[in-house]
Structure formats: structure tokens, C-alpha cells
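Remarks on the structure that follows.
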Amino acid sequence: MSVKYKNTTVVIVGCGISGIAAAHRLINAGFHNVRILEATARSGGRIKTSRLGDSVVEIGANWIHGPCKENPVFCLAQKYGLLDPEALTPENQAIDVGGHPPGLPNIFSSSGRKLNAEDIYPAQKMFSELLGESEGFQSQGGETCPSLGDFIRSEVRQRAADEWKHLDANTRSLQLCAISSMLKLECCTNGAHSLDEVALGANGLYKTLPGLDCTFPGGYEGLIKSLMSELPSGLVTYSRPVRCVHWSNSEKTRTPVIVECNDGEKITADHVIVTVPLGYLKQHHSTLFHPPLPPHKMHSVQRQGFGTNNKIFVEFDSPWWDADCEVIYLVWDDEDAIVDQVPDVQRSWIKKLCGFTVLKPTERYGHVLCGWIAGHESEYMETLSEQEVTHAVAQLFRRFTGNPTVTLRRVLRSQWFHDPWTCGSYSHPGIGCSEQDLENLMEPLPVKGSQSQPLQVLFAGEATHPCYFSTVHGALLSGWREADRLISHYTTTGESEPTKSKL
71 MSVKYKNTTV VIVGCGISGI AAAHRLINAG FHNVRILEAT ARSGGRIKTS
121 RLGDSVVEIG ANWIHGPCKE NPVFCLAQKY GLLDPEALTP ENQAIDVGGH
171 PPGLPNIFSS SGRKLNAEDI YPAQKMFSEL LGESEGFQSQ GGETCPSLGD
221 FIRSEVRQRA ADEWKHLDAN TRSLQLCAIS SMLKLECCTN GAHSLDEVAL
271 GANGLYKTLP GLDCTFPGGY EGLIKSLMSE LPSGLVTYSR PVRCVHWSNS
321 EKTRTPVIVE CNDGEKITAD HVIVTVPLGY LKQHHSTLFH PPLPPHKMHS
371 VQRQGFGTNN KIFVEFDSPW WDADCEVIYL VWDDEDAIVD QVPDVQRSWI
421 KKLCGFTVLK PTERYGHVLC GWIAGHESEY METLSEQEVT HAVAQLFRRF
471 TGNPTVTLRR VLRSQWFHDP WTCGSYSHPG IGCSEQDLEN LMEPLPVKGS
521 QSQPLQVLFA GEATHPCYFS TVHGALLSGW READRLISHY TTTGESEPTK
571 SKL
């Protein structure tokens with residue numbers, strides 16, 4: 071098999087998990103001339119591990135979502151010995167949480183009051199039911215609203231009038247404020263500014279895997295390092311951004327693809343696999359491809375959503391939350407209008423910071439919380455100094471705990487929106503998006519119009535997976551998919567072996 075592909079040149083744009091996965095698959099199949107061009111000085115893309123004091127923290131991807139035998143990321147992590155023993159138990163793999171892992175909460179209100187979980191149980195129950203119902207529109211059709219946000223707000227108003235009519239005014243107001251907090255957290259889950267930007271029907275395209283989400287004790291980048299160690303040295307060229315991919319619309323003759331780098335280098339290839347984030351593609355597709363993307367593919371790039379979800383890590387000398395607490399929710403007392411965005415981003419951005427994960431075990435992390443903030447508020451937060459962010463977060467905790475002496479040791483935040491090669495965090499189904507758009511995103515160029523598609527430009531990355539978009543396993547599977555597409559191209563079509571181009 072290795073002889074068959076020995077002269078085929080494949081250039082992969084981007085050294086994130088999808089690009090690495092594609093390179094692995096191709097090289098294992100016998101492709102000799104594979105090269106990855108990476109715009110930055112590191113591998114991993116949106117998998118990025120850092121340190122906060124002595125603690126390992128994830129600036130990018132955080133969990134293995136659905137760690138089970140069907141999840142290739144989990145299988146690789148298990149193979150490389152990167153997980154804690156409890157993550158490998160059959161019980162852990164069998165739990166199905168539907169994408170929303172449970173956690174023992176501490177809940178605080180902006181009046182400085184600590185709430186019990188029972189205090190907002192009616193809101194949690196209703197919100198969970200509505201999320202479940204929203205996923206059914208994909209198979210049933212007939213959605214009543216264009217967006218997930220519209221659906222939840224309209225249903226909450228209707229059902230609250232009936233189901234909560236026995237509650238007093240203050241309790242009822244608290245439930246609506248809690249719904250607002252849950253909407254903001256769901257914005258983080260979707261990587262969206264508002265659930266008004268998430269398509270109701272297409273929301274059900276996302277599929278979950280069983281298993282209780284787990285993390286990498288030594289950092290997610292351990293997976294990248296393990297994978298990279300198995301690739302030939304020199305395969306990746308770092309700090310080599312691509313300016314333009316020159317391809318041909320012709321399906322009749324084999325035409326080489328020219329990859330033009332920012333430094334002027336031009337690389338001739340038989341095939342190019344583009345794995346850049348959708349956020350980058352949205353901003354640069356008009357100059358990244360010559361000729362431009364076909365209209366239907368360009369429109370799908372525009373329709374698919376891509377937003378920002380950032381983390382703010384906060385370290386304390388001592389905990390002010392309960393010992394068994396796994397997650398902290400903040401409920402603003404003035405948000406009974408069911409909102410998931412603030413009216414004045416510059417003055418009130420901190421109100422979007424609605425939840426914190428407690429990093430555990432304490433012996434490993436110390437007393438560290440990971441805060442979640444999405445949308446334009448998150449993007450504005452990136453522009454502030456570390457001192458300004460630290461001050462705002464300290465004031466937030468003092469207000470909600472009612473303790474004016476709460477003191478932060480240090481803060482670290484991600485800044486994915488202003489990363490020029492990412493332009494945000496991850497994808498979600500945008501308004502008007504459909505299953506066809508996801509198929510269009512993964513469709514190679516030139517588009518198929520004959521039996522023998524030349525496969526000049528292929529597309530991988532989390533946003534191109536039809537049901538695991540926004541996940542690491544979706545990105546990895548998409549890289550394998552495109553590598554398999556090339557392998558199949560030569561094994562099933564009888565395509566002759568190219569001899570003209572070498573790296």
C-alpha cells in the first residue's frame with residue numbers, strides 16, 4: 071500500500087487535533103509526502119494547557135465529553151495512560167448525563183444570600199425539560215420559533231403562569247432570575263452570545279456520548295504530545311501562516327493545488343486538507359481561496375454559528391464554598407425579565423460571568439475556581455487589563471457571598487476571540503442553519519459533479535462534524551474522515567498515482 075501513495079503530496083493547513091489526526095491516518099496508510107503548515111509556534115490549536123501557580127489549567131478544551139469506548143479521544147487517552155483510574159471504570163463510562171454533567175452546587179444571589187438547591191428547583195426542572203423538548207424539533211420538525219432563546223422564553227412565560235401560580239411574588243421572581251442564569255450558562259455550552267443566535271431545529275443535530283465527563287490530570291496537551299511523538303520529525307512547519315489556497319474548478323483534468331504562504335513560499339500539492347477554525351474561515355474565506363468558495367458553501371460558512379466562550383481561573387488562599395461543592399451558580403436578583411445578555415457591555419459585562427467550576431481534587435489544584443463567560447461580554451473582557459479583570463471578579467464574589475474580605479490570590483483568563491488564528495471558541499448551529507449546511511462545510515472542492523472527483527481541497531475541524539461539532543472528538547473524527555476520503559480515492563477509483571510533485 072505504501073508504494074501506491076509514495077508520490078502523492080498532501081498539505082494540511084493547521085496543526086490542531088484534526089490536522090494531526092489526518093496526518094496520522096495518512097502516514098499509517100502509506101502516504102510519504104505529508105506536510106502540516108501551522109500558523110503559530112505550537113501544536114494543538116484550541117487544546118492549550120497552562121499553569122496557574124502550581125496548578126495545571128486548561129486555557130482551551132477542558133473535558134473529554136462522553137468518555138466511553140465510542141469516543142476516540144477517550145480511547146487514545148487510555149492508550150497513552152493519561153487519565154485517572156476512576157475515569158476508566160465501567161461505571162464512569164456507562165453514566166449517560168445527556169451533555170449536562172451533574173454537580174453538587176452552591177448557589178448565591180446578588181443580594182449576598184446563599185440559596186439552597188430547593189430554592190430554585192422549579193426553575194431547574196422547567197429549564198431542563200425545555201432543553202430536552204428543544205432537541206426533538208430536529209426529528210419532528212414544525213418548530214414554533216426560529217431560535218432556542220425565543221422558544222425557552224416564550225415557553226417559560228406560558229408555563230410559569232400555570233405551574234408557578236401558587237408561588238408568592240418573590241419566589242416566582244427568583245425562579246425567573248435563575249432561568250436567566252441558566253440561559254447564560256447555556257450560552258457558554260453553545261459558544262454563543264445569546265441563545266437567540268442558536269437555531270431551534272438544528273440544535274437537535276448535536277449528539278452526546280455516554281460517560282461522565284473527565285479531565286486530563288497532566289493537561290490536555292499531553293494527548294497532543296503523545297500523538298506528535300508518533301509523527302515523523304520535521305513534518306510540521308511552525309509559524310507558517312497560509313495566505314491563499316489556489317485550486318481549480320475543473321473536474322476533467324488533474325490540477326495541482328498551490329498553497330501560498332504569507333512569507334511568499336508557494337507549495338505544490340495534490341491535495342490540501344484545510345483545518346482552520348470556522349471563526350477564521352468566516353473572516354478570511356474570501357481571500358483564503360482562489361477561486362472563491364462556491365456560493366452554497368460560502369453561505370453555509372456564514373450560517374453556521376461561531377462564538378466566544380472564555381474561562382477566568384481564580385485562585386484563593388482558602389475556600390469560601392462548601393467542601394463537597396462542585397459548581398457555583400450566581401443568580402442576579404434583577405434579571406426576572408429572562409435575559410442572557412447585558413444591556414451595557416462595558417459597564418455590566420461581569421453579569422455574564424454566571425457560573426464557576428470547582429477544580430478538583432483540591433490536593434492537585436489547591437483552591438481554584440474556573441469561571442465561564444460567553445458572548446460579546448466575554449469578548450470585551452479580553453480587552454481589559456488583568457488588573458481590571460481581577461478587581462471586577464473580586465467585587466463580584468464579595469457581593470454574592472456578602473463577605474467584603476474575600477481576597478483573590480491570582481487570576482488567569484483565556485482570550486480566544488482576539489486570537490487572530492481562531493477568532494472565537496467553537497461552533498454552534500446558527501439561525502437558518504440545517505443539516506445540509508453541515509454537509510456543505512465538509513464537502514471537498516471542486517464540488518462533485520462527476521464520478522471522479524479530484525479532491526483538491528478537503529475540509530476538517532470540529533465545525534465540519536455533522537453531530538459532534540464543538541468537541542475534540544468531533545475534530546479528531548473529522549481529520550480521520552478526510553484522510554479516509556483520500557485513501558478511498560486511490561483504492562476505489564483506480565486513480566493513477568501522481569508523480570509530478572514532491573515536498
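The sequence shown finishes on residue 573 if you use my numbering, and the numbering steps up by one all the way, no holes.
Using N, Cα and C, we set each Cβ at its ideal position, and we do this for glycine too.
Tell me which residues share the same chain as residue i and place their Cβ nearer than 7 Å to its Cβ, disregarding the 5 neighbours each side in the sequence.
| i | result |
| --- | --- |
| Gln506 | none |
| Val517 | Pro364 |
| Phe101 | Tyr75, Thr78, Val80 |
| Thr471 | Phe178, Gly182, Trp390 |
| Phe207 | Glu213, Leu270, Gly271, Gly274 |
| Arg215 | Strictly speaking, residue 215 in this sequence is Cys, with Arg absent from that position. So the qualifying residues of the chain are Phe221, Ser224, Leu270. |
| Ala339 | Thr79, Val80, Val81, Pro326, Val327, Val329, Ser571 |
| Glu256 | Leu265 |
| Glu449 | Thr378, Phe487 |
| Thr561 | none |
| Gln148 | Leu158 |
| Val527 | Val315, Trp317, Val327, Val342, Val344, Pro514, Leu515 |
Ignore the nearest five residues each way along the sequence and tell me which others in residue i's own chain have a CB closer than 6 Å to its CB.
| i | result |
| --- | --- |
| His446 | His263, Val415 |
| Asp392 | Asn176 |
| Thr569 | The predicted position of Thr569 is uncertain, since its pLDDT is 41 and thus under 50; a value taken from the coordinates is nonetheless stated next. For Thr569, where only same-chain residues beyond five positions count, the Cβ hits under 6 Å are Asn77. |
| Leu279 | Gly136, Cys138, Glu140, Asn141 |
| Ser243 | Asp406 |
| Cys258 | Asn379, Trp442, Ala444 |
| Lys118 | Ile129, Gly130 |
| Ala99 | Ile557 |
| Leu153 | Ala147 |
Could you tell me which residues DSSP puts in a beta bridge with residue i?
| i | result |
| --- | --- |
| Trp442 | Lys381, Gly425 |
| Pro175 | Val397 |
| Tyr496 | Gly377 |
| Ile420 | Bridge partners of Ile420: none, in fact. |
| Cys284 | Ile134 |
| Leu24 | Outside the shown range of the chain (71 to 573) lies residue 24, about which nothing can therefore be said. |
| Leu185 | Ile177 |
| Cys331 | Val312 |
| Ile87 | Looking at the DSSP assignment, Ile87 forms no beta bridge with any residue, so it has no partner. |
| Ile343 | Ile82, Leu528 |
| His437 | Phe386 |
| Leu515 | Val527 |
I'd like the list of long-range same chain contacts for residue i, defined as Cβ closer than 8 Å, with 5 residues on each side in sequence excluded.
| i | result |
| --- | --- |
| Glu335 | Arg310 |
| Asn162 | Pro137, Glu156, Gly281, Leu282, Cys284 |
| Glu652 | No answer is possible for residue 652: it lies beyond the span of the chain, which begins at 71 and ends at 573. |
| Lys277 | Cys537, Tyr538 |
| Leu466 | Leu400, Ile420, Leu423 |
Looking at the secondary structure, which residues open and close the beta strand (DSSP E) in which residue i lies?
| i | result |
| --- | --- |
| Val312 | 312-316 |
| His355 | From DSSP, His355 is part of no beta strand (DSSP E) but of the alpha helix (DSSP H) over 348-358. |
| Lys336 | 336-339 |
| Thr79 | 79-83 |
| Leu528 | 527-529 |
In terms of residue numbering, what span does the alpha helix (DSSP H) encompassing residue i cover?
| i | result |
| --- | --- |
| Cys145 | 142-149 |
| Leu218 | 218-233 |
| Arg324 | It is not in any alpha helix (DSSP H) - Arg324 carries neither H nor E in the DSSP assignment. |
| Leu556 | 542-562 |
| Arg508 | Reading off the sequence, residue 508 comes out as Leu, not Arg. Taken as a continuous stretch (DSSP letters only), the alpha helix (DSSP H) holding Leu508 covers 505-512. |
| Ala164 | 160-164 |
Within 10 angstroms of its Cβ, does residue i collect 16 or more other Cβ (buried), or is it exposed?
| i | result |
| --- | --- |
| Leu135 | The identity of residue 135 in the sequence shown is His, whereas the question assumes Leu. Result: buried. |
| Leu275 | buried |
| Ser520 | Only weak support is given to the placement of Ser520: the predicted model assigns it a pLDDT of 49, under 50, and the value that follows is read from those uncertain coordinates. Ser520 should be labelled exposed. |
| Asp410 | buried |
| Gly544 | buried |
| Ser558 | exposed |
| His170 | exposed |
| Lys422 | buried |
| Leu351 | buried |
| Ser388 | exposed |
| Ser299 | exposed |
| Asp124 | exposed |
| Thr427 | buried |
| Glu552 | buried |
| Ala230 | buried |
Kindly say whether residue i, judged by its beta-carbon, lies nearer than 9 Å to any beta-carbon of chain D.
| i | result |
| --- | --- |
| Trp133 | Looking at the structure shown, chain D is missing, and only one protein chain is on hand. |
Nearer than 8 Å: is that true of the beta carbon of residue i relative to any heavy atom of the ligand ADP?
| i | result |
| --- | --- |
| Phe383 | The ligand content of the structure shown is nil, which means the ligand ADP is not present either. |
Taking the runs of the beta strand (DSSP E) that are 3 residues or longer, which of them lie wholly in the segment 91-134? 103-107, 119-122, 125-128
Within the segment 455-484, ranges of the beta strand (DSSP E) (whole runs, at least 3 residues): 478-483
Just list the alpha helix (DSSP H) runs in the segment 237-316, keeping only unbroken ones of 4 residues or longer that don't cross its boundaries, in chain order. 239-260, 291-298
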